[in-house]
Amino acid sequence: GECRGSMFGPGIYLAENASKSDEYAKEGSGVYVGLCAMLLCRAVAGRVLTVDSAGDCSARVRSGEFDSVCGDRLAAAGTFREMVFFHGEAVYPEFIVIYA
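Positions in the sequence shown are counted from 1; adding 31 to them yields our numbering.
Spelled out as structure tokens, the structure:
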């Protein structure tokens with residue numbers, strides 16, 4: 032999303048754990064006041080570049096060397112891993128989850 036920084040470069044960020052995604056969720060407005068939403072997506076990772084520190088990895092993916100990036104925050108900070116996709120066609124939003 033665009034509500035936070037881009038630790039590994041501009042792209043589509045997915046998390047393996049819903050609580051990680053919840054860190055980025057914003058409360059809705061209107062009929063959605065008090066509720067948040069997240070997308071449950073299917074993704075094709077292909078050749079994955081695994082990194083454990085911040086840095087823009089988009090050029091290595093766009094070059095064709097890799098298809099996606101795994102930000103291994105588990106190894107670096109004990110938190111959940113994030114996957115970054117730089118090609119929209121690799122990610123399919125399958126469900127919208129609305130929660131309080």
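C-beta atoms are modelled at their ideal positions from N, C-alpha and C, and glycine is treated no differently.
Tell me which residues share the same chain as residue i and place their Cβ nearer than 6 Å to its Cβ, disregarding the 5 neighbours each side in the sequence.
i: residue 40; result: 87, 88, 89
I believe residue i touches residue j by the beta-carbon criterion, under 8 Å. Please report the beta-carbon distance rounded to the nearest angstrom.
i: residue 72; j: residue 58; result: Not a contact, Cβ separation roughly 21 Å.
i: residue 117; j: residue 47; result: 18 Å between Cβ atoms; not a contact.
i: residue 98; j: residue 74; result: With a Cβ gap of about 10 Å, residue 98 and residue 74 do not count as contacting.
i: residue 69; j: residue 85; result: About 23 Å; that fails the 8 Å criterion.
i: residue 43; j: residue 128; result: So it is not a contact: roughly 17 Å between Cβ atoms.
i: residue 77; j: residue 131; result: The Cβ separation is near 36 Å, so there is no contact.
In three-state terms, what does DSSP make of residue i?
i: residue 125; result: strand
i: residue 13; result: Residue 13 lies beyond the range of the chain shown here (32 to 131); nothing can be said about it.
What do you get for residue i, buried or exposed, if any count of 16 or more other CB atoms within 10 angstroms of its CB means buried?
i: residue 62; result: exposed
i: residue 52; result: buried
In chain order, what residues of the same chain have a beta carbon less than 8 Å from the beta carbon of residue i, not counting five sequence neighbours either side?
i: residue 123; result: 72, 73, 74
i: residue 103; result: 81, 82, 83, 112
Entirely within the stretch 42-109 and at least 3 residues each: give me those beta strand (DSSP E) ranges in chain order.
43-46, 67-74, 79-82, 99-102
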